[in-house]
Structures are given as structure tokens and as C-alpha cells.
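The next block holds one structure in the form of C-alpha cells; read it before the comments.
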Amino acid sequence: MRRADLLVGLGLLVFAGLYFSQSFSIVRGFASDRLGPAFFPRLLALALAVMAVALLVRAASGRSDPEPPPRMKIGVFIAVLVLATAYVFLLPRVGFLFATPVLLGAVIWLLGMRQWPGLIATAAGVTLALYVVFVRMLHVLLP
Amino acid sequence: MFERFALGAQIAFQPLSLLMMTVGVAWGIIGGALPGISGSMAMALLLPLTFGMDPAVALMMLAGVYIGAMYGGSISAILIRTPGTPGAAASVIDGYELHKQGFGAKALGVSLITGTVGGIASVFILIGLAVPLSKVALAFGPPEYFALGVFGLALISSFVGRDLLKGMISGTLGLILATAGTDPFSGTPRFTLGSIDLLTGVELVAGMIGLFAVSEVFYQIAESEGWERIKGKVSTQLPAWVELVKLKTAMIVGIVMGTIEGLLPGGGGAIAAFISYDQAKRWSKHPEEFGHGSLEGIAAPETANNVVTGTAMIPLLTFGIPGSNGAAIMLAAMLLHGIQAGPQLFERTPQIVYGLFVGMLVANVLMLILGYLALRPSIAIVNVRRPYLFAGILGLVLVGAYSISNRMFEVWVVLITGLIGYGMRRYGYNVLAMVLGLVLGFIVEANLRRSLLISIGNPWVFFTRPISGLLLTFALITLLWPILRQVREDRRARAAAPARG
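Take a look at the structure:
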């Protein structure tokens, strides 16, 4: 966890700084509001910065949780993430009825299921079920 | 009072409400039984579907999911030694032992009955405490609400999860996330990064689907090795009256612990279940049976986790502050329907509050019936191959996110918060604290500013008013106590070090 804590601590510190500096571009509200819309965010930015420093100090002095994070199947995870992101990008362009079965089929395949009949039936079946529930019953206008 | 319950009953017993509660409870049992779906995730997945419903019916259905999931979790705890929900973790100990000895059917029956008893008891506790507390809450002004929000966040940061610092960071990040969008006080846009979509802020429903549901899917894909399939023929055998009477001590312990945990912000029944297990062992006439297949060892935690379903609604309904994942989702559902949670609910929309009271009683009875009948189908779904299951859930969350406001923005929010939630889980941060921060951001900030408006800028207003002063002092103690203890331990360790030479 130590390396992760150091990285997260640095990241949070940078984020707190950016967030703090963004608060200066807020247009001030009406005069009777003493604190204005920027006060609370600045308070939060300062608090986050203090906590990030505490996290860094703790990690640097070797008092982080010594347990390493659990093993992870990084390849499969990133592949699913890329697929999901591609789906969100492509959904408005190619439409729900085409993009969804492709995404579902690919995710099923990635997770290790290689039986084609089951894969195709599930991908198509789930798409159809979602279509019926959201479009027909809830009247959502899917792209 | 009685006409209000009659009003509630009128709504709860409508055919549509009964149907939706049946769907909710059945889905809760199935989702709870699935080790990849916790109770809060099962609720979050249904959120987008409640859009077109009457708000009272939507809340009853979600409460049904919450209630059903508490029993469902014990099915996989007993049969495959894997708790289906965190609340069922304590039931693994004796449940699986009983199943190995061939008493799985009886273990399921005890879990179902004691869960129902706990659930029904909790609705009465809920009614008994929430109605008077809501009158107290009506007297709260802005400083009290500010203090209550801070106190809730402090409790979640320090009691849930192992790491106080990471808990506090999680809560602060939630508050920061809540500031994006139009400032509700002055109407000025903040932190919108030039995006029109962000003007309305981060939609709470999307944030919760991401943090509770998508993060779990990511976790299951990246880290989990899956769970066993349930083999063989399984049935439910309800205990005889004599056997049930022997479990009364365990059930009373469960009711007391579940009530306490429901009132304090906590982890959805898991802590109450473990404490009840320990206490039931202490009070039991046969403590030696615990761990070797004791029915009391199931009765205590399963009563406790169902009690939490009712008592967790108390802080939500009276103060508008959710203390558990399940209650946070109920709050999101209220906001989705434009209902402001809090004490004014009791006066302005009694049909929702009293409908929920009666509905939760009905849902507990439905759980008893469905739990008995729906064991086979739940097992069939637990045995569905994981790739099919997670692909299906992924499809549901993405489409569900789109349906929140018919635009792609929420789909992105769901994916990004899902990724953040998974990273937080992986590196020991506190997802519930972040959700609570997101929920309370507006309450804390608006009441801070309102208070200072009233006091003409005098910050002492938070301490001169007794209730807010007390709450803030408690919050400070909650946060400082673990730090002081750590410092003292370090000093002692340092003092001991040279002596050891």
C-alpha cells in the first residue's frame, strides 16, 4: 500500500491545488451572502490538502498499511474498461440495438466464456430485454 | 394518527403496490443470494426503473429489495459458505456447518423466520421512534443541520473501514464532488469545467449506481475468483414453534443490536450481525454449540440484519440524513421524484411516510412467503455463469444511466464514478463516506451559509446553540479520539524501544 499511498497523496495534493485555483473563477453571488459560493470549496480544498500531506507523511515514514493490494487481472479489467468506453462513445453514432449486443458478446468472451450459442443467445437476449423494459415500458428514447 | 395509517394502508394494498413490492422482494432475495450483488447494489440497479412510478410505490419497492436481500444473503452463506451480502457474513459460521451436517434446510428456515420477526419488529421500532423524533427535528435550525451533517460524516469516516485518514479523505472528496454545478444558494455556476451538462451537478442517482453497482462489477471482473455452484436438492424447512421459542434470546439480542446499528451510521447490518453473534453466544444456554452448527448462531445475525432495514430509515426519515447504503439509495429515489427528505415529510406527504411504514410490514410478510417459494429459482440464478451475469449487469447499468435524463452525460458519470469507486475499494478508501459526502454536501454548505446569514457573520452561533454545539463536540471527539490514541501508543512504543536496547 505504501507506493499507492504516496501516489494517491501526491495526486490529491495536485487536485486540491487545482480545485482551489478554480474557485477564483467563480463569480461572486449577492452581497448579503457573507461567505459566497467560493468559501466552502476553498475550505474543502485546504482540508483535502492537509489530509493529503498527512497521507504522504504517513507513507514516507513507513507507517502505511503494510499489506499490498490484492492481485488483479489487469488485462481483462482494462479490456472491459476500453470496451465500455468505446460503447459509450459509439452508442449515439451506431445506435443501441447494434452496439449493445456487440458489447455484451465481447464482455462475455473476455470473461472467459467461449461457448458461442450461449454467448450469442445471452447478448441478444439481454439486449432485447433491456429494449422491452426501457423503450416499450418506460418510454425512454434510446439512441 | 390512525387515519394516517389508513391512508398508508390504502396505498400499500393497491394491486400495483403489491405487485411492485413482490417484484422488489423477489429481486432482493435473488440479488442478495448472488455473491456478486450486495443489497445496496440490487437496490441501485432498480433505481432507474422507478422513474415512472408513484414515489410512494417506488420507495416501497426499494424497501422490499432491501428487506429481501437481507434474507437472500443467507442463502449463499449457508449453502456455499459465501455471504451473498456483507450483512450475512456472520451467518456463514454456523450456517455452513449446519449444511455440512445435512441441516441446510433447517438453517434456511430459521434464517427466514427470524429475519421476518426482526423485520416486523423493526417496523414497529421505526414507527415508535421516527414519529416523535420528527417533531424534535422540526425544531432544528440551520446551525443544527450543519452540525448534524458534520457529525454524520465524522461517524462514517471513523466507524466504517479501518483507516480514519482515508475515511476522512473519502468524505471530503464526496463533499467536493457535490460542489460541482450551480451553487444552490446564489445560483452561480461553479466547477462546471465549461460543460453545460455539469450545470445541474453530478446526478446523485448516477453517482450511486456508479459507486455502488459499477464498482462492484469492476471488482468482480478484476479480482474475484467467483463462487461455487450450489449442488444437490435444497429445500426450506421452517422450524417448529418449540424450536423457535428456544431462539428467543438470540432474536432479542439481534433486535437490540440491529436497532443500535440502524440508528448510527454504519455498514448495512454487517457490524450488527457480528456483534449479535458474539452477544448471543454469551447469553446462550449452549455457547459450546456456536461454530459447530448452532441454530442460535443463525438466528441472532439474521434477526439483526433485518432489524437494520427498518431502523436505518429512522435518521433518513426524521433528519433526511442516511446512515447506510440502503438508506442512501432511498434518499436518491426521493430526490429522483422531487421529494425533500426530512421531518417535513411527515406533515406534507404523510402518504409517503405511512405508505412506507405499512409497505415495509407487507414486504416482510412477502419475504416470508417468497423466501419459502422462491428458493429453487434463486439457486438457479446463483448458478448462472458469471460472464453472462456481469455482461447483463453492465448492460443494465449503462442503459439505466442513460434513462435518468435521456442523455449520454450520466452514462459517463456512471463509468467514471464506478472506476473511482473500484479504486477506492482496492486501496482501502471508504465508498460510503464518499456517497454520504455527495449527499450531504448541499445540506452542510447551505446550512453553514444560512447560519452565518442569521447570526450576521458570527461563527460562534454553532457553539452557543446547545444541540449544534453538542453535535459538533461529538464530531470532534469522534475524529480526534483515534488520532490521540495512536499518538499515545507511538509515544509508549518509543519510550519502550531504548529499554529493549
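Chains as they are written, first to last, in the working numbering: chain V, 1 to 143; chain C, 144 to 644. Cβ coordinates follow ideal geometry from the N, Cα and C atoms, glycine included. The model shown is predicted, which means the values in this text are computed figures rather than measured ones.
message: So for G112/V, helix, strand or coil by DSSP?
response: Here residue 112/V is taken as the residue at index 112 of the first sequence, counted from 1. Here G112/V sits in coil by DSSP.
- prompt: Would you say E588/C faces chain V, with C-beta separation under 8 Å as the test?
  reply: What you label residue 588/C is simply residue 445 of the second sequence in a count that begins at 1. For E588/C, the answer is yes, since a Cβ of chain V falls inside 8 Å of its Cβ.
message: For a contact defined as C-beta to C-beta under 9 Å, what are the partners of V76/V on chain C?
response: Numbered from its first residue, the first sequence carries residue 76/V at position 76. In chain order: I364, A365.
message: Cβ closer than 9 Å: which chain C residues qualify as neighbours of V80/V?
response: If you number the first sequence from 1, residue 80/V lands on position 80. Ordered by position in chain C, the residues that pass the 9 Å Cβ test against V80/V are V360, F361, I364, A365, F533, L537.
- prompt: From the beta carbon of I108/V, is the nearest beta carbon of chain C less than 8 Å away?
  reply: By 1-based counting over the first sequence, the position of residue 108/V is 108. Yes, I108/V lies at the interface with chain C (some Cβ there is under 8 Å from its Cβ).
query: I think F605/C touches L269/C, with their Cβ atoms under 8 Å apart; what is that distance to the nearest whole Å?
result: Counted from its first residue, the second sequence places residue 605/C at position 462. Counted from its first residue, the second sequence places residue 269/C at position 126. Contact doesn't hold; Cβ gap of about 30 Å is too wide.
field: Where W116/V falls, given that 16 or more other Cβ within 10 Å makes a residue buried
entry: Here residue 116/V refers to the residue found at position 116 when the first sequence is read from its first residue. Under this definition W116/V is an exposed residue.
- prompt: Between the region 315-336 of chain C and chain V, which residues of the former have a C-beta closer than 9 Å to a C-beta of the latter?
  reply: Listed in sequence order: T315, L316, L318, I319, T322, D326, F328, S329, G330, T331, P332, R333, F334, L336.
field: Proximity test, Cβ basis, 8 Å: V554/C and chain V
entry: Your numbering for residue 554/C matches position 411 in the second sequence. Chain V contact via Cβ: present.
- prompt: DSSP state of T335/C, grouped into three classes?
  reply: Sequence index remark: in the second sequence, residue 335/C carries index 192 (1-based). Here T335/C sits in coil by DSSP.
query: Thinking C-beta only, is G171/C closer than 8 Å to V200/C?
result: The sequence position of residue 200/C within the second sequence is 57, counting from 1. The sequence position of residue 171/C within the second sequence is 28, counting from 1. For V200/C and G171/C, no; Cβs fall outside 8 Å.
query: Cβ of G112/V less than 8 Å from any chain D Cβ?
result: You won't find chain D in this structure, because its protein chains are V and C.
- request: Label R333/C either buried or exposed according to how many other C-beta atoms from any shown protein chain fall within 10 Å of its C-beta, with 16 as the threshold for buried.
  value: Here the question's residue 333/C lines up with position 190 in the second sequence. It counts as buried.
field: Selection from V508/C, L537/C, A470/C, E431/C that minimises the alpha carbon distance to V554/C
entry: The residue given as residue 554/C occupies position 411 in the second sequence. Of V508/C, L537/C, A470/C, E431/C, the residue nearest in Cα terms is L537/C.
- request: Per DSSP, which residues does G324/C bridge with? Please list them.
  value: Counting from 1 along the second sequence, the entry for residue 324/C is found at position 181. Beta-bridge pairing links G324/C to R333/C.
message: Going by DSSP in three states, M196/C sits in which element: helix, strand or coil?
response: Indexing the second sequence from 1 puts residue 196/C at position 53. Coil, per DSSP.
task: If I'm right that V377/C touches G247/C with Cβ under 8 Å, what's the distance once you round it to whole angstroms?
output: Translated into the one-based positions of the second sequence, residue 377/C becomes position 234. Translated into the one-based positions of the second sequence, residue 247/C becomes position 104. Right, the Cβ-Cβ distance comes to about 6 Å (below 8 Å), so this counts as a contact.
- prompt: What residues of chain C sit near I26/V, judged by a beta carbon separation below 7 Å?
  reply: Mapped onto the first sequence, residue 26/V falls at position 26. Here the neighbours are T331, R333.
- request: Please say whether Y362/C and V8/V have beta carbons closer to each other than 8 Å?
  value: The count along the first sequence starts at 1 and reaches residue 8/V at position 8. The count along the second sequence starts at 1 and reaches residue 362/C at position 219. No, these two residues do not count as a Cβ contact at 8 Å.
Rounded Cβ spacing between P68/V and M1/V (contact assumed at less than 8 Å): Translated into the one-based positions of the first sequence, residue 68/V becomes position 68. Translated into the one-based positions of the first sequence, residue 1/V becomes position 1. So it is a contact: roughly 7 Å between Cβ atoms.
query: On the three-state DSSP scale, how would you describe K698/C?
result: Limits of chain C in this structure are 144 at one end and 644 at the other, which puts residue 698/C out of reach.
query: Does DSSP put D340/C in a helix, in a strand, or in coil?
result: By one-based count along the second sequence, residue 340/C stands at place 197. It is helical.
- prompt: For R529/C, which residues in chain V fall below 9 Å Cβ to Cβ?
  reply: Reading the second sequence from its first residue, position 386 is the one you call residue 529/C. By Cβ distance, chain V contributes L111, G112, M113.
task: Tell me whether D633/C is buried or exposed, calling it buried when 16 or more other Cβ atoms sit within 10 Å of its Cβ.
output: For the purposes of this step, residue 633/C is identified with residue 490 of the second sequence, where counting begins at 1. It counts as exposed.
query: How would you list, in chain order, the residues of chain C whose beta-carbon sits under 9 Å from the beta-carbon of Q140/V?
result: Position 140 of the first sequence holds residue 140/V. Per the sequence presented here, residue 140/V reads as Val, with Gln not at that position. The contacting residues are P191, F194, V542, Y545, S546, N549.
field: Beta-carbon gap between L160/C and M203/C smaller than 8 Å
entry: Taking the second sequence and counting its residues from 1, the one referred to as residue 160/C is at position 17. Taking the second sequence and counting its residues from 1, the one referred to as residue 203/C is at position 60. Leu is not the amino acid found at residue 160/C; the sequence shown has Ser there. Going by C-beta atoms, S160/C is nearer than 8 Å to M203/C.
- prompt: Do the CB positions of G514/C and P382/C come within less than 8 Å of each other?
  reply: In the second sequence, counting from the first residue as 1, residue 514/C sits at position 371. In the second sequence, counting from the first residue as 1, residue 382/C sits at position 239. Taking 8 Å as the Cβ cut-off, G514/C and P382/C do not qualify as a contacting pair.
message: So L575/C contacts chain V; which residues on that side make the cut at Cβ distance below 9 Å?
response: Stepping through the second sequence from its first residue, residue 575/C is reached at position 432. None at all; the shortest Cβ gap to chain V is about 18 Å.
field: CB contact check: R643/C to chain V, cutoff 8 Å
entry: Numbered from its first residue, the second sequence carries residue 643/C at position 500. Residue confidence is low: R643/C scores 47 on pLDDT, short of 50, so the model does not pin down where it sits. Its coordinate-derived value is still stated next. No, its Cβ sits nowhere closer than 8 Å to a Cβ of chain V.
- prompt: Looking at chain V, which residues of the region 598-616 of chain C have a Cβ within less than 9 Å of any of its Cβ atoms?
  reply: I599, G600
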